[in-house]
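Structure first, then comments.
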Amino acid sequence: MQSDFLIIGGGVVGMAVAYGLARDGQRVSVLDESDDAFRASRGNAGLTWVQGKGLGMPHYAELSLDASLTWPAFAAELEARTAIDIEHECRGGVDLCFDASEAKVRQRDYAKLQLSSRHLAQHFRWEYLDRQALQTYLPGLGESIHGGTWSPHDGHCNPLHLLRALHAACRSLGLEYHASTPVLSLSPCLNGFRAATPDSEFHAERVIVAAGLGARNLAPMLGLSGTVRPVRGQMLVTERMPRVEQLPTPQLRQTATGGYLIGDTHEEVGFDKGVSLEMMSCLADRAVRIYPFLRQARLIRAWGALRIMTPDGAPLYEASSRYPGAYNLNCHSGISLAAFHANELARAIIDDRLEERWSAFSGARFNVPAHC
Amino acid sequence: MGELCQAEIAIIGAGPAGMAAAIRLTQAGIRPVVFDMGNAPGGQIYRQLDVPVIGETLSGTDYYRGRDLLGDFSRADIDYRPRSQVWWGQCESDGVSLGVVDAAGVSRWHVKRMLLATGSMERSWPFPGWQLPGSMQAGAAQILFKEGGLVPEASPVLAGSGPLLYLLAWQYCRAGCAPQRILDTTPASRYRLPLRYLRGAWQGRHYLVKGARMMLALKRAGVPIHHGVEALEATGKHRVERVHYYWRGHWHHQDTSLVLTHFGVVPEPQLGRAIGIPYDWHEGQQCFLPERNRSLQARTRVWVAGDGGGIGGALNAEREGRLAALSMLTIPTNDVADRKRERRRLEQRRATDLAVRPLLEAMFRLPSHWLSEQPDTTLVCRCECVSLGELRRAIEQGAAGPNQLKAFTRCGMGPCQGRECGESVTRLLSTVQALPPQEIGYYQVRPPVQALSLGELAATATDA
Numbered sequence: 001m002q003s004d005f006l007i008i009g010g011g012v013v014g015m016a017v018a019y020g021l022a023r024d025g026q027r028v029s030v031l032d033e034s035d036d037a038f039r040a041s042r043g044n045a046g047l048t049w050v051q052g053k054g055l056g057m058p059h060y061a062e063l064s065l066d067a068s069l070t071w072p073a074f075a076a077e078l079e080a081r082t083a084i085d086i087e088h089e090c091r092g093g094v095d096l097c098f099d100a101s102e103a104k105v106r107q108r109d110y111a112k113l114q115l116s117s118r119h120l121a122q123h124f125r126w127e128y129l130d131r132q133a134l135q136t137y138l139p140g141l142g143e144s145i146h147g148g149t150w151s152p153h154d155g156h157c158n159p160l161h162l163l164r165a166l167h168a169a170c171r172s173l174g175l176e177y178h179a180s181t182p183v184l185s186l187s188p189c190l191n192g193f194r195a196a197t198p199d200s201e202f203h204a205e206r207v208i209v210a211a212g213l214g215a216r217n218l219a220p221m222l223g224l225s226g227t228v229r230p231v232r233g234q235m236l237v238t239e240r241m242p243r244v245e246q247l248p249t250p251q252l253r254q255t256a257t258g259g260y261l262i263g264d265t266h267e268e269v270g271f272d273k274g275v276s277l278e279m280m281s282c283l284a285d286r287a288v289r290i291y292p293f294l295r296q297a298r299l300i301r302a303w304g305a306l307r308i309m310t311p312d313g314a315p316l317y318e319a320s321s322r323y324p325g326a327y328n329l330n331c332h333s334g335i336s337l338a339a340f341h342a343n344e345l346a347r348a349i350i351d352d353r354l355e356e357r358w359s360a361f362s363g364a365r366f367n368v369p370a371h372c
Numbered sequence: 001m002g003e004l005c006q007a008e009i010a011i012i013g014a015g016p017a018g019m020a021a022a023i024r025l026t027q028a029g030i031r032p033v034v035f036d037m038g039n040a041p042g043g044q045i046y047r048q049l050d051v052p053v054i055g056e057t058l059s060g061t062d063y064y065r066g067r068d069l070l071g072d073f074s075r076a077d078i079d080y081r082p083r084s085q086v087w088w089g090q091c092e093s094d095g096v097s098l099g100v101v102d103a104a105g106v107s108r109w110h111v112k113r114m115l116l117a118t119g120s121m122e123r124s125w126p127f128p129g130w131q132l133p134g135s136m137q138a139g140a141a142q143i144l145f146k147e148g149g150l151v152p153e154a155s156p157v158l159a160g161s162g163p164l165l166y167l168l169a170w171q172y173c174r175a176g177c178a179p180q181r182i183l184d185t186t187p188a189s190r191y192r193l194p195l196r197y198l199r200g201a202w203q204g205r206h207y208l209v210k211g212a213r214m215m216l217a218l219k220r221a222g223v224p225i226h227h228g229v230e231a232l233e234a235t236g237k238h239r240v241e242r243v244h245y246y247w248r249g250h251w252h253h254q255d256t257s258l259v260l261t262h263f264g265v266v267p268e269p270q271l272g273r274a275i276g277i278p279y280d281w282h283e284g285q286q287c288f289l290p291e292r293n294r295s296l297q298a299r300t301r302v303w304v305a306g307d308g309g310g311i312g313g314a315l316n317a318e319r320e321g322r323l324a325a326l327s328m329l330t331i332p333t334n335d336v337a338d339r340k341r342e343r344r345r346l347e348q349r350r351a352t353d354l355a356v357r358p359l360l361e362a363m364f365r366l367p368s369h370w371l372s373e374q375p376d377t378t379l380v381c382r383c384e385c386v387s388l389g390e391l392r393r394a395i396e397q398g399a400a401g402p403n404q405l406k407a408f409t410r411c412g413m414g415p416c417q418g419r420e421c422g423e424s425v426t427r428l429l430s431t432v433q434a435l436p437p438q439e440i441g442y443y444q445v446r447p448p449v450q451a452l453s454l455g456e457l458a459a460t461a462t463d464a
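Chains as they are written, first to last, in UniProt numbering: chain A, 1 to 372; chain B, 1 to 464.
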């Protein structure tokens, strides 16, 4: 069967772009892995976050800020289309500091980032608040917390509902979704590209690799870079607790259903997605220091997931120069950037102007064979 | 991280399999540590047998059979830890790491070998209204009976299939609380199956005679038994007020405040799955069983014995416990020939005992399309209130496997951690996608496999 686009990967990056393409009337097929694939889309905290993104790479900070501004309209659009509540809230967020030196480094980094870009100087708002000042945003905050940086751009959503809504929206737009269809090889052919799977072959005019860690094998087949590595994040979730008006933090947040989502760790342990007792204890300890009332909360689940990390931590959006029509999309922040992926990024791909419009995120910065 | 406790062998569970294994190990000079959720050894089958609250006339003789085992267990040199739960486990190259929680808090263990003797749990079998107060599983009701001598205030309706249903009905009768009615989903014709499974019927004559006697006693006591009930529903405003059942082509109604259901038992899978033991679908038992070799070993340093490895009953569990213990004894001794003989004898007895299983499995076989024939409003996940209709919608939207379905709907994300809905979800996907359950798979089981508070976990942090 022939479609306009073949997307390899049914996670939150692949499905957001797929949605953007299908909404534009493109015929899209998505090939996804099996139910127990690594799936970073199912192992994240659901933050739509701006703070701390792009330190040392102002373009990424700008992208994150702009993406957060388009999130509310994107969430409303998906909800209207699917009747699935994504639970998106953008009322600001706080990144906590546990001691004075952390607070000092944080403020210096943010100030430096703002100095590096006029856009950020104008639009990126943040403020350091001490423990006392934070009490209104984070009632119940523990004694041992020094303070934190507050920013109005940060928010959170239910990442699992987001993934489901993207699937549902794509389905209603006529997208073809193939589960448990791992791609063995990608190659150019007469009318575009061919993806070989264990049971059959798929053809499309253009192909987008949005395979997360799977890009390590697949992207190089089309002259694209596969230089991503796994970073393990372990998370905990508690039983449902009474709802408290609290802003989200990257350390923990209360979800719409009442459970506290506690995360996460950043471990370089290869392809091991298990949980370790040391890290779970460490997360629990940090959580009860932040909110001592959580001491009694029952732990419901702990899990590890593999996140995608590019060499510099910023997204990778590249078009193959050797095989025009082949793209590789890979990033660590598929939730924060979902609105951007569905809108501007999908547009740039339709127009085949990805490298031109988003050159800062091209694979060229890693000096990969894609541009030999 | 607190201090690391060590043991040569850990046994999880002190039912017949765990007890028998522990006793056999001490005979070889090993002092195992036994982690047990219960207040006293015995497991579910011999619960409260150390200080019985019900006499033999109420319990039946099989219950008191456990006394010898219990006596040997209490006399042996075993590091028995009642009220302790293993909430986390991980296989390592030199053994197994365990996280244990008890009254003193959380501790970490490293053991060279481990036996899972975690037994079975009641199969959850959704029908409309099963979430209402007043709807309970028969096994849970039997726990109350064994542990506290408790019988229902008002006469209950018993529904479902399998021997436990009749045992409980018989026990209630003897305790002076005859059930109003027994709604047996097993068609009457199935009770003629022993005529076709002659070998199994002969080997299992004890069970069959016991079953027939109980049924007869119930009939004499005037308890109506309806065989071949095809559908079930409980209704009521805030709790169960009525039970409706579809029988012989019509819906019938019965006022009651308590409906006790039983649809067989399945292996408790959480710890086994959490440490990465592969499970396979067993067509006869209609559930997933851990993969084990002939020595009941499931992984390099892990063994599984008793109903946790496949439903075989208490006597089989005892034999499996002893067999596993023999296989765990790695140190060569001069009684190798004796052990070989012992093993052979156990294996023979086990084979004889298990010969009745195909017959029992065929007799009490549940309709595999039951779930997909329930109305859309039926809850599948009672913890998170996820209905069958909601699951169907999510499957249509692209949830192709149990884990994506869990992510899309929260089915299995509640406090029971998927124990209740896990196999229902597999069954549903199997029906919808017309694929065998083995290909559908199961949830990825996450720790903690037992309840634990954040404070307890935090107390083990190194920098606390």
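Note that the Cβ used here is the ideal one computed from N, Cα and C, for glycine as well.
Worksheet item: Are Arg108/B and Ser124/B close, meaning C-beta to C-beta below 9 Å?
Response: Numbered from 1 along the second sequence, position 108 holds the residue referred to as residue 108/B. Numbered from 1 along the second sequence, position 124 holds the residue referred to as residue 124/B. Taking 9 Å as the Cβ cut-off, Arg108/B and Ser124/B do not qualify as a contacting pair.
Discussion item. Let me check understanding here. Comparing Cα to Cα, which of Arg81/A, Glu239/A, Leu120/A, Gln135/A lies closest to Val94/A?
Written reply: Looking up residue 94/A in the first sequence gives position 94. Closest in C-alpha terms to Val94/A, from the list Arg81/A, Glu239/A, Leu120/A, Gln135/A, comes Gln135/A.
Discussion item. Could you tell me the alpha carbon to alpha carbon distance between Arg181/B and Gly46/A, rounded to whole angstroms?
Written reply: Along the second sequence, read from residue 1 onward, the residue named residue 181/B stands at position 181. Along the first sequence, read from residue 1 onward, the residue named residue 46/A stands at position 46. Approximately 51 Å, taken between the alpha carbons.
Discussion item. Using 8 Å for Cβ pairs, my map puts residue 373/A next to Leu247/A. What's the rounded Cβ distance?
Written reply: Any question about residue 373/A goes unanswered here, given that chain A covers just 1 to 372.
Item to complete: Please confirm if Ala407/B has its CB atom under 9 Å from at least one CB of chain A.
Response: Here residue 407/B corresponds to residue number 407 of the second sequence, with the count starting at 1. Cβ-Cβ to chain A under 9 Å: yes for Ala407/B.
Worksheet item: Rounded to a whole number of angstroms, what is the C-alpha to C-alpha distance between Gly310/B and Pro267/B?
Response: The residue given as residue 310/B occupies position 310 in the second sequence. The residue given as residue 267/B occupies position 267 in the second sequence. Answer to the nearest angstrom: the Cα atoms are 6 Å apart.
Worksheet item: Would you say Gln254/A reaches chain B, if we count a Cβ-Cβ gap shorter than 9 Å as a contact?
Response: Mapped onto the first sequence, residue 254/A falls at position 254. Among the residues facing chain B, Gln254/A is not included, as its CB has no counterpart in that chain under 9 Å away.
Worksheet item: Cβ of Met413/B less than 9 Å from any chain A Cβ?
Response: For the purposes of this step, residue 413/B is taken as the residue at position 413 of the second sequence. At a cut-off of 9 Å between C-beta atoms, Met413/B counts as an interface residue with respect to chain A.
Worksheet entry | Cα-Cα separation, His266/A to His332/A | The residue labelled residue 266/A in the question sits at position 266 within the first sequence. The residue labelled residue 332/A in the question sits at position 332 within the first sequence. CA-CA distance, His266/A to His332/A, rounds to 12 Å.
Item to complete: Tell me Cys91/B's beta-bridge partners as DSSP assigns them.
Response: For the purposes of this step, residue 91/B is identified with residue 91 of the second sequence, where counting begins at 1. As a beta-bridge residue in DSSP terms, Cys91/B pairs with Val96/B.
Practice prompt. Note down, one range per segment and in chain order, each alpha helix (DSSP H) of at least 4 residues found wholly within the stretch 54 to 141 of chain A.
Written response: As for any alpha helix (DSSP H) of minimum length 4 sitting wholly inside the stretch 54 to 141 of chain A, the runs are 58 to 82, 100 to 115, 118 to 123, 131 to 134, ordered along the chain.
Worksheet item: What does DSSP give as the partner residues of Met114/B in its beta bridges?
Response: In the second sequence, the residue the question calls residue 114/B occupies position 114. DSSP output for Met114/B lists Ala10/B, Val302/B as bridge partner(s).
Worksheet item: So residue 465/B packs on Ser372/B, CB below 8 Å; how close in whole Å?
Response: Nothing about residue 465/B can be reported from this structure: the residues present for chain B run from 1 to 464 only.
Worksheet item: Listing by chain order, which chain B residues have their CB less than 9 Å from the CB of Gln296/A?
Response: Taking the first sequence and counting its residues from 1, the one referred to as residue 296/A is at position 296. Neighbourhood of Gln296/A in chain B, by CB distance below 9 Å: Ser453, Leu454, Gly455, in chain order.
Worksheet item: From Ser453/B, Glu56/B, Cys5/B, pick the residue whose C-alpha is nearest to that of Val237/A; which is it?
Response: As a working mapping, residue 237/A is identified with position 237 in the first sequence. Looking at Ser453/B, Glu56/B, Cys5/B, the one whose alpha-carbon comes closest to that of Val237/A is Ser453/B.
Worksheet item: Should Val265/B and Gly139/B be called a contact, given that it needs their Cβ atoms to be closer than 9 Å?
Response: Within the second sequence, numbered from 1, the residue matching residue 265/B stands at position 265. Within the second sequence, numbered from 1, the residue matching residue 139/B stands at position 139. Closer than 9 Å, so yes.
Worksheet entry | Residues bridged to Pro290/B [DSSP beta-bridge criterion] | Numbered from 1 along the second sequence, position 290 holds the residue referred to as residue 290/B. Under DSSP, Pro290/B forms a beta bridge with Tyr279/B.
Worksheet item: Which whole-angstrom value is the C-beta distance of Leu175/A and Ala18/A, which I expect to be below 8 Å?
Response: By one-based count along the first sequence, residue 175/A stands at place 175. By one-based count along the first sequence, residue 18/A stands at place 18. Yes, they are in contact, since the Cβ atoms of Leu175/A and Ala18/A sit about 6 Å apart, within 8 Å.
Item to complete: Name, please, each residue of chain B whose Cβ falls closer than 7 Å to the Cβ of His167/A.
Response: Residue numbering aside, residue 167/A sits at position 167 when the first sequence is read from its first letter. What His167/A touches in chain B: Gln397, Gly398.
Fill in: Limits of the beta strand (DSSP E) - the one that His262/B falls within
On the second sequence, residue 262/B is found 262 positions in, with the first residue counted as 1. Unbroken beta strand (DSSP E) run through His262/B: 259 to 263.
Worksheet entry | Residues from the stretch 235 to 248 of chain A in contact with chain C, defined by Cβ distance under 7 Å | The displayed structure is made up of protein chains A and B, and chain C is not among them.
Practice prompt. Flag this pair as touching only if the stretch 36 to 47 of chain B and the stretch 5 to 16 of chain B have three or more C-beta atom pairs under 8 Å; answer yes or no.
Written response: Touching, yes, given that three or more Cβ pairs across the two stretches are closer than 8 Å.
Worksheet item: Between Gly54/A and Ala314/A, what straight-line distance do the alpha-carbon atoms span, to the nearest angstrom?
Response: The residue given as residue 54/A occupies position 54 in the first sequence. The residue given as residue 314/A occupies position 314 in the first sequence. Rounded to whole angstroms, the gap between the alpha carbons of Gly54/A and Ala314/A is 7 Å.
Worksheet item: Listed in chain order, which residues of the stretch 300 to 325 of chain A have Cβ atoms closer than 7 Å to some Cβ of chain B?
Response: If the cut-off is 7 Å between Cβ atoms, the stretch 300 to 325 of chain A has Ile300, Arg301, Ala302, Trp303 near chain B.
Worksheet item: Secondary structure at Ala219/A, three-state DSSP: helix, strand or coil?
Response: Translated into positions along the first sequence, residue 219/A becomes position 219. Ala219/A: helix per DSSP, three-state reduction.
Worksheet item: Between Ala326/A and Phe202/A, is the Cβ-Cβ spacing less than 9 Å?
Response: Here the question's residue 326/A lines up with position 326 in the first sequence. Here the question's residue 202/A lines up with position 202 in the first sequence. Contact flag unset, no.
Worksheet entry | Contacts around Leu323/B, its chain only, beta-carbon distance under 8 Å, and the 5 residues preceding and following it disregarded | Counted from its first residue, the second sequence places residue 323/B at position 323. Hits under 8 Å: Ser295, Leu296, Ala305, Arg343, Leu346, Glu347, Arg350.
Item to complete: Would you kindly work out how many angstroms separate the C-alpha atoms of Cys421/B and Pro448/B, rounded to a whole number?
Response: Numbered from its first residue, the second sequence carries residue 421/B at position 421. Numbered from its first residue, the second sequence carries residue 448/B at position 448. Cα-Cα distance, rounded: 17 Å.
Practice prompt. Report the three-state DSSP secondary structure of His369/B (helix, strand or coil).
Written response: For the purposes of this step, residue 369/B is taken as the residue at position 369 of the second sequence. Note: His369/B maps to coil in three-state DSSP.
Worksheet item: Looking only at its own chain, which residues have a Cβ that is under 6 Å from the Cβ of Arg65/B, when we skip the five neighbours before and after it?
Response: By one-based count along the second sequence, residue 65/B stands at place 65. Non-local C-beta neighbours of Arg65/B in its own chain, meaning closer than 6 Å and more than five positions away in sequence, are absent.
Practice prompt. Taking only beta-carbon positions, decide if Ala394/B is within less than 9 Å of chain A.
Written response: As a first step, residue 394/B is located in the second sequence; it is residue number 394 there, counting from the start. Taking a beta-carbon distance threshold of 9 Å, Ala394/B counts as an interface residue toward chain A.
Practice prompt. Could you have a look at Met235/A and say whether DSSP puts it in helix, strand or coil?
Written response: Residue mapping note: residue 235/A aligns to position 235 of the first sequence, counting from 1. Residue state for Met235/A is assigned as strand, using DSSP reduced to three classes.
Worksheet entry | Ala370/A, buried or exposed, once every other Cβ within 10 Å from all chains shown has been counted against 16 | Locating residue 370/A in the first sequence gives position 370, where the first residue counts as 1. Confidence in Ala370/A is poor, its pLDDT being 47 and thus under 50, which makes the residue's placement too unreliable to answer from.
Item to complete: Return the chain-ordered list of same chain residues with a C-beta closer than 8 Å to the C-beta of Arg319/B, the five sequence neighbours on each side being excluded.
Response: In the second sequence, residue 319/B corresponds to position 319, counting from 1. Residues of the same chain with a CB within less than 8 Å of the CB of Arg319/B, apart from the 5 flanking positions on each side, are Ala20, Leu346, Arg349, Arg350, Asp353 in chain order.
Worksheet item: How about Leu163/A and Arg81/A: are their beta carbons less than 9 Å apart?
Response: The residue labelled residue 163/A in the question sits at position 163 within the first sequence. The residue labelled residue 81/A in the question sits at position 81 within the first sequence. Taking 9 Å as the Cβ cut-off, Leu163/A and Arg81/A do not qualify as a contacting pair.
Item to complete: Could you round the C-beta distance between Ser185/A and Ala196/A to whole angstroms and report it? I think they count as a contact, below 8 Å.
Response: In the first sequence, the residue the question calls residue 185/A occupies position 185. In the first sequence, the residue the question calls residue 196/A occupies position 196. Ser185/A to Ala196/A, Cβ: 5 Å. Contact.
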